[in-house]
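Chains as they are written, first to last, in the working numbering: chain A, 1 to 249; chain B, 1 to 132. We treat Cβ as the ideally placed atom computed from N, Cα and C, and that holds for glycine.
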Amino acid sequence: MYLYIYDNFLTDKKYQSSLYRIENRLVDLGIKGRVVRLNILKNMAEVVEDGIRQGVKTVVVVGNDLSFSKIINIIADKNVTLGIIPVDNKSKIAKILGIPPLDAACEILAQRIVKKIDLGMVGNYYFIDSATITNEETTVKLKDYNISPIGKNNIVSFNNLGIFTPGKATSDYKSDPTDEKLELVISAEIKKFDKNSPLTIIPFEKIKVSCAEPGAFIVVDQVTKLKPPATITVAPGKLQTIVGSKRLF
Amino acid sequence: MFKDDNPAKEIKVAETIIGPSVKVEGDLNSDHDIIVDGEVIGNIKTKNNLRIGKGARVKAEVVAKNAYVAGQVNGNITVKEKLQVTAEAQIKGNITASLLVVEMGAKLNGQCKMLDEVTLANEKNLPPKTTK
């Protein structure tokens, strides 16, 4: 049984025709299910819990990268499969998973290629894409060595899904969200005319990050902020998700 | 004819990349290719290829299968197969390799030892080739 969750922002009128197209396509493909539109009175966690109690096995989120990131912590420890329908072509998560936007995503849902992908964890908080810290005084400690950025304005991020070089549409580095590893990526903050900043990329399973500066924080999937020091680990194969044949791994 | 085909020179995508804005202190171990363009203090050991870029500053013992060195290395370098030292390289330490290329302008201060077929064969537990 499918549960379709529409994120809050989709109440805007400009999304109406797109949502009709999606719903019609789902009916054509025979995978229509229960539809819930989030609002002030309904939050994602309650909707998912309700759905699971009623026997839902697949939860599909309609929205953007923020929508997809929000549901990760809700379903990571549950035995359900995640599907996504992006409403535009700007979604990094959808691009990596091989899911095209709008009604074309429904075909992917119907094909139902399911993969178990890794998630990252900052403490007890899961993330699907990345956790980032922008601070000069960051130190990262792996099992056998310490890493510290030299100079100012470096961005330290812990990536699961993929590494996109600033200014480039695709990544040169083939990151695999099923390899049971995360990647530590350190890049210089993007300057206006410097789209080819060199990167530092180191794969890891467990890392400790600390920051000498008191006001620093780790931004997790653009959704949550956590304070360092923190331990970042990989949760291998934690999330069962529907992917497309044109996925980047 | 000597073939200029050091795999370490042409690494395009490595598993581990130390960029120029990063300092690593400790033991860097890998089974795959490593590119170093930053600062490393400690040890670097890989079963595959290692490229040390022009701006890199390495104070470490280095062990690799193939290596391409264009930066500063303060430590011993042991390469199982091909070691290429470019004109910009500055090495203070001993080097050991089976095949060695040193470009004009490179600065080398240390001893140089060539691995011969007997040593390589012993490592692989094979009988060394004999010439008639």
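At a CB-CB cut-off below 9 Å, which residues of chain A make contact with residue i?
| i | result |
| --- | --- |
| glutamate 25 of chain B | Tyr145, Asn146, Ile147, Ser148 |
On a Cα-Cα basis, can you pick out the residue from the options that is closest to residue i?
| i | options | result |
| --- | --- | --- |
| alanine 110 of chain A | A/Arg247, A/Met44, A/Phe249, A/Val243 | A/Val243 |
| asparagine 49 of chain B | B/Asn76, B/Asn6, B/Glu88 | B/Asn6 |
| lysine 227 of chain A | A/Val234, A/Thr233, A/Cys211 | A/Cys211 |
| arginine 53 of chain A | A/Ser67, A/Met1, A/Thr11 | A/Met1 |
| lysine 283 of chain A | A/Asn160, A/Pro86, A/Pro229 | Residue 283 of chain A falls outside the range modelled here, since chain A spans only 1 to 249, and no answer is possible. |
| proline 101 of chain A | A/Thr241, A/Thr58, A/Asp65, A/Ile40 | A/Asp65 |
| aspartate 88 of chain A | A/Leu41, A/Gly63, A/Lys78 | A/Gly63 |
| asparagine 94 of chain B | B/Ile34, B/Ala8, B/Pro20, B/Leu115 | B/Leu115 |
| isoleucine 201 of chain A | B/Val13, B/Ala60, B/Ala64 | B/Val13 |
| leucine 248 of chain A | A/Lys95, A/Ser91, A/Lys90 | A/Lys95 |
| alanine 104 of chain A | A/Arg25, A/Val234, A/Gln222, A/Lys208 | A/Arg25 |
| glutamate 180 of chain A | A/Leu119, A/Ile150, A/Pro198 | A/Leu119 |
| glycine 105 of chain B | B/Lys82, B/Lys23, B/Ala70 | B/Ala70 |
| proline 203 of chain A | A/Ser157, A/Arg37, A/Ile22, A/Tyr20 | A/Ser157 |
| aspartate 31 of chain B | B/Lys23, B/Val22, B/Thr16, B/Val24 | B/Thr16 |
| proline 86 of chain A | A/Ile207, A/Glu205, A/Ile108 | A/Ile108 |
| isoleucine 207 of chain A | A/Leu184, A/Lys57, A/Gly98 | A/Leu184 |
| aspartate 77 of chain A | A/Gly162, A/Met121, A/Pro198, A/Ser187 | A/Met121 |
| proline 236 of chain A | A/Ala188, A/Ala216, A/Pro177, A/Lys225 | A/Pro177 |
| aspartate 33 of chain B | B/Glu10, B/Val24, B/Glu39 | B/Glu10 |
| leucine 161 of chain A | A/Arg21, A/Thr139, A/Val234 | A/Val234 |
| asparagine 159 of chain A | A/Thr11, A/Ser187, A/Asn79 | A/Ser187 |
| valine 223 of chain A | A/Ser245, A/Cys106, A/Asn73, A/Tyr6 | A/Asn73 |
| valine 24 of chain B | A/Asn8, A/Glu23, A/Thr138 | A/Thr138 |
| threonine 134 of chain A | A/Gly123, A/Thr58, A/Gly151 | A/Gly151 |
If you count every other CB in all the chains shown that lies within 10 Å of the CB of residue i, and 16 or more means buried, which is it?
| i | result |
| --- | --- |
| lysine 113 of chain B | exposed |
| proline 214 of chain A | exposed |
| glutamine 111 of chain B | exposed |
| glutamine 72 of chain B | buried |
| glycine 30 of chain A | exposed |
| lysine 168 of chain A | Residue confidence is low: lysine 168 of chain A scores 48 on pLDDT, short of 50, so the model does not pin down where it sits. No coordinate-derived value is stated. |
| lysine 192 of chain A | With a pLDDT of only 47 at lysine 192 of chain A, under 50, the local geometry of the prediction cannot be trusted, and no value is derived from it. |
| methionine 44 of chain A | buried |
| arginine 112 of chain A | exposed |
| asparagine 109 of chain B | exposed |
| glycine 75 of chain B | buried |
| threonine 231 of chain A | exposed |
| serine 148 of chain A | buried |
| lysine 54 of chain B | exposed |
| leucine 19 of chain A | buried |
| threonine 46 of chain B | buried |
| asparagine 39 of chain A | exposed |
| aspartate 129 of chain A | buried |
| lysine 82 of chain B | buried |
| threonine 241 of chain A | buried |
| phenylalanine 2 of chain B | Residue confidence for phenylalanine 2 of chain B is low, a pLDDT of 48 falling below 50, so the modelled location carries little weight; the figure read from the coordinates is stated next. With fewer than 16 other Cβ atoms within 10 Å, it is exposed. |
| aspartate 12 of chain A | exposed |
| leucine 97 of chain A | buried |
| serine 17 of chain A | exposed |
| leucine 3 of chain A | buried |
In the DSSP output, which residue or residues are listed as bridge partners for residue i?
| i | result |
| --- | --- |
| arginine 34 of chain A | A/Leu3 |
| glutamate 61 of chain B | B/Asn43 |
| tyrosine 126 of chain A | A/Met121 |
| leucine 100 of chain B | B/Leu83 |
| aspartate 103 of chain A | BP columns for aspartate 103 of chain A are empty, so no partner. |
| isoleucine 202 of chain A | A/Leu184 |
| methionine 114 of chain B | B/Ala97 |
| lysine 51 of chain B | Note that residue 51 of chain B corresponds to arginine in the displayed sequence, not to lysine. In the DSSP output, where bridge partners are listed per residue, arginine 51 of chain B has B/Ile35, B/Tyr68. |
| isoleucine 113 of chain A | A/Val243 |
| aspartate 77 of chain A | In the DSSP output, where bridge partners are listed per residue, aspartate 77 of chain A has none listed. |
| phenylalanine 158 of chain A | A/Ala131, A/Leu184 |
| glutamine 90 of chain B | B/Gln72, B/Lys107 |
| proline 86 of chain A | A/Gly63 |
| alanine 230 of chain A | A/Val209 |
Report, in whole angstroms, the separation of the C-beta atoms of residue i and residue j, which I expect to be a contact under 8 Å.
| i | j | result |
| --- | --- | --- |
| isoleucine 239 of chain A | isoleucine 117 of chain A | It should be noted that the sequence gives leucine, not isoleucine, for residue 239 of chain A. About 5 Å separates the two Cβ atoms, so the contact holds. |
| valine 48 of chain A | tyrosine 125 of chain A | Valine 48 of chain A to tyrosine 125 of chain A, Cβ: 17 Å. No contact. |
| glycine 42 of chain B | tyrosine 15 of chain A | Not a contact, Cβ separation roughly 54 Å. |
| valine 101 of chain B | glutamine 84 of chain B | 5 Å |
| valine 114 of chain A | threonine 81 of chain A | 6 Å |
| aspartate 37 of chain B | glycine 19 of chain B | 6 Å |
| threonine 132 of chain A | isoleucine 218 of chain A | 7 Å |
| valine 60 of chain A | isoleucine 84 of chain A | 7 Å |
Using the beta-carbon of each residue, which ones in chain B are nearer than 7 Å to residue i?
| i | result |
| --- | --- |
| alanine 188 of chain A | Ser21 |
| glycine 151 of chain A | Ser21 |
Applying a beta-carbon distance threshold of less than 8 Å, which residues of chain B neighbour residue i?
| i | result |
| --- | --- |
| threonine 138 of chain A | Those within 8 Å of threonine 138 of chain A in chain B number zero; the least Cβ separation is about 11 Å. |
| threonine 200 of chain A | Ile17, Ile18, Gly19, Ser21, Val22, Gly38 |
| proline 203 of chain A | Glu15, Thr16 |
Just to make sure I have the definition right: I need the residues of chain B whose C-beta is within less than 9 Å of the C-beta of residue i. Which are they?
| i | result |
| --- | --- |
| asparagine 154 of chain A | Ser21, Val22 |
Which residues of chain A have a Cβ atom closer than 8 Å to the Cβ of residue i, listed in chain order?
| i | result |
| --- | --- |
| asparagine 48 of chain B | Residues of chain A passing the Cβ test: none, with the nearest at roughly 14 Å. |
Could you work out which residues of chain A lie near residue i, taking near to mean beta carbons separated by less than 7 Å?
| i | result |
| --- | --- |
| asparagine 29 of chain B | Asp144 |
| glycine 42 of chain B | Tyr145 |
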